[in-house]
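S.K.: The opening residue of the sequence shown carries number 1 in our numbering; numbering runs sequentially from there. Just so it is clear, CB atoms sit at the ideal spot from N, CA and C, and this is done for glycine as well. Everything numeric in this text was worked out from a predicted model, so none of it was measured.
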Amino acid sequence: MDTQHAGATPSAPARCPMHGTDFAAEPHRLYDQMRTHGPAAPVELAPGVDATLVVQHEMALRVLQNTTLFSRDSRRWAALNEGRISLDSPVLPMMMYRPNVLFTDGVVHLRLRKAVTESLAKLSISRIRRDVEPIADYLIDQFSERGRADLLNDYAKLIPLLLFNKMFGCPADIGDRLTSGMSAMFDGQDDALKGLEQVATCLQELITLKRREPGEDVTSWLIQHSAGLNDEELRDQLIVLMGAGLEPQRNLIASALLLLLSDGPSERGSGMLVEEAIEHVLWNNPPIANYATHYALQDVDLGGVPVEANSPVVISFAAANSDPALTEARQLASKGAHLAFGAGPHACPAKDPAQVIALTAIERILNALPDLTLAVPQDSLLWRPGPFHRALAALPTRFSPTPATRMAAALRNMTPAPAAEPVTRPAPQQAPAARQEQRKKGFWSSFLDVFRL
């Protein structure tokens, strides 16, 4: 990677828009086109938001691991500082500076990362699996009697939302509002900034509560950590932990389910294992396809591609993983050799929990609905537009209707009922009107009503 003045080059490729339906439908075709011009290419993340996308594996590693030439601090973003980026741009919530592990460097980053990694380390894999199972059962019961479901919006999207409320110790009211705010951040581009504000407000309430009443949850552990995070730092670590988990997690679950269902139930037993499907997605369609935004500290040359100082350089994990130069290496690579979780000092600290969550959620629904199959041709499925994610818009499925009895079984397994006061909760056999009321109330508070967690 040379460091020289990045002047204009007549042969520079046209800037590729990454925010339209064409990119969402066939991103790998466009990555291949970009690679013909070099290890990186000029792109447009959103209208008026220019960046350089790294599409070669070797160059991606160089940028991810080079803290001398590149910074993660988006306060260096010249176009934003000069007023050339609209403050209502849909990508701003994912790129604007906050004092968290994602956007800091050096000793500040080390201090924040230590607090995050040591707090997450207190979550055992067995606990995570135990927490996912009743949530999965609860969600499956919401649609099992219908014989059809959109497994993206009815299941994969809601698993991490509910799980993170549990992991971070959210009471009912805060959890409901946090869930809707996070959904707005990722689903509705027009409401992204509003969703971020709602999330920040909810998390501040949660921090205040946990300072007063700590529990066995990630929020309390962050508060108690020796790094001594202040309220702003606590809020922003929680935002990045939830945000960095929700979108990738639901996309990983949905994409792996799609891969498994594409063969049909009759071939599933002798086909790909769930672990293999998850690994295949992480290699070929990583849930966060393009991110890890860096800012060049000076004008640099990325293998013949000029980049101006203080302009965003985005890493394409998807393109790096599919780099033709890796063909032989991929055949010999050990599990997890992909870049889906990043690399270098900012690599994801929660890759093991993320894979356990996906594995448990997928196994749970395949076991509950053994004849689960796609309800539409695979080539008719749509992918959500957006520069950062690889995300299905919906995953319609059908299956033989089954009674909604899983929550009752989960309750029996979790806590034996006292002899004088048997458990008689009616949730598994709710009427349609009652389920509609449950949705209005909020999934998290409704889940708590059932399980009293």
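What three-state label does DSSP hand T219 in the structure shown?
M.R.: Helix, per DSSP.
S.K.: Within 10 Å of its beta-carbon, does I288 have 16 or more other beta-carbons around it, so buried, or fewer, so exposed?
M.R.: By the 10 Å Cβ count, I288 comes out buried.
S.K.: Looking at the strands, I want to know which residues DSSP matches up with L53.
M.R.: BP columns for L53 point to A41 and V314.
S.K.: Are the beta-carbon atoms belonging to W221 and K114 less than 7 Å from one another?
M.R.: No.
S.K.: Using the three-state DSSP reduction, which class does N285 fall into: helix, strand or coil?
M.R.: Coil, per DSSP.
S.K.: Would you say the segment 75 to 90 touches the segment 171 to 178, given that touching needs at least three Cβ pairs under 8 Å?
M.R.: They do not touch, by the three-pair rule.
S.K.: On the premise that N284 lies in contact with V314, defined as a C-beta separation below 8 Å, what is that separation, rounded to the nearest angstrom?
M.R.: So it is not a contact: roughly 19 Å between Cβ atoms.
S.K.: Could you tell me which residues DSSP pairs with C170 in its beta bridges?
M.R.: DSSP, once it has assigned bridges, lists no residue as partnering C170.
S.K.: Curious, which full-length alpha helix (DSSP H) runs of at least 4 residues does the segment 106 to 150 contain?
M.R.: Entirely contained in the segment 106 to 150, the alpha helix (DSSP H) runs reaching 4 residues are, in chain order, 106 to 120 and 125 to 143.
S.K.: By how many angstroms is the C-alpha of R127 removed from the C-alpha of V108?
M.R.: Cα-Cα distance, rounded: 31 Å.
S.K.: Enumerate in chain order the residues of its own chain whose CB-to-CB distance from T360 is below 6 Å, with the five nearest sequence positions on each side excluded.
M.R.: If we look at T360 and ignore the five residues flanking it on each side, its Cβ neighbours are R129 and V132.
S.K.: Taking just the CA atoms, how far does V199 sit from A244?
M.R.: Approximately 14 Å, taken between the alpha carbons.
S.K.: What do you reckon, are the CB atoms on L64 and A343 nearer than 7 Å?
M.R.: Cβ distance < 7 Å, so L64 and A343 count as in contact.
S.K.: Quick one: grab the DSSP three-state call for P396.
M.R.: Correct three-state label for P396: strand.
S.K.: State the beta-bridge partners of C16 as determined by DSSP.
M.R.: Bridge partners of C16: V43.
S.K.: Name the DSSP beta bridge partners of N81, please?
M.R.: Paired residue(s): none; N81 is not in a bridge.
S.K.: Alpha carbon to alpha carbon, how far is D301 from R235? Give it in angstroms, no decimals.
M.R.: Roughly 37 Å between the two C-alpha positions.
S.K.: Spatial neighbours of T402 within its chain, please: CB distance less than 6 Å, with the 5 preceding and 5 following residues excluded, ordered by chain position.
M.R.: Closer than 6 Å at Cβ, skipping near neighbours: S144.
S.K.: Taking the C-alpha atoms as reference points, what is the distance between F399 and T373?
M.R.: The straight-line gap from Cα to Cα measures roughly 6 Å.
S.K.: If you reduce the DSSP assignment to three classes, tell me which class T208 lands in.
M.R.: Correct three-state label for T208: helix.
S.K.: Is it true that the CB of A136 sits closer than 7 Å to the CB of R384?
M.R.: In this structure, A136 does not lie closer than 7 Å to R384 by Cβ.
S.K.: Counting only the same chain and skipping the five closest in sequence on each side, list residues whose C-beta sits under 6 Å from that of R268.
M.R.: Because R268 sits at a pLDDT of 49, beneath the cut-off of 50, its placement in the model cannot be relied upon, and the following sentence gives the value as read from the coordinates. Excluding residues within five positions, none has a Cβ falling inside 6 Å.
S.K.: Are there 16 or more other CB atoms within 10 angstroms of the CB of N367, so buried, or fewer, so exposed?
M.R.: Exposed, because fewer than 16 other Cβ atoms sit within 10 Å of the Cβ of N367.
S.K.: Around the C-beta of G106, are 16 or more other C-beta atoms found within 10 angstroms, so that it is buried, or is it exposed?
M.R.: Looking at its Cβ environment, which holds fewer than 16 other Cβ atoms inside 10 Å, G106 is exposed.
S.K.: Between D50, P93 and V55, which lies nearest to A79 when the distance is taken from Cα to Cα?
M.R.: Taking only the C-alpha atoms, the option nearest A79 is D50.
S.K.: Compute the minimum distance between the beta carbon of R364 and the heavy atoms of the ligand GTP, and state whether it is under 6 Å.
M.R.: Here there are no bound small molecules, and the ligand GTP is not part of this structure.
S.K.: What does a CB cutoff of less than 8 Å around V454 pick up in its chain, not counting 5 residues either side in sequence?
M.R.: Residue 454 is absent from the structure shown; the chain starts at 1 and stops at 453.
S.K.: Considering only DSSP beta bridges, list what Y291 is partnered with.
M.R.: According to DSSP, Y291 bridges with I315.
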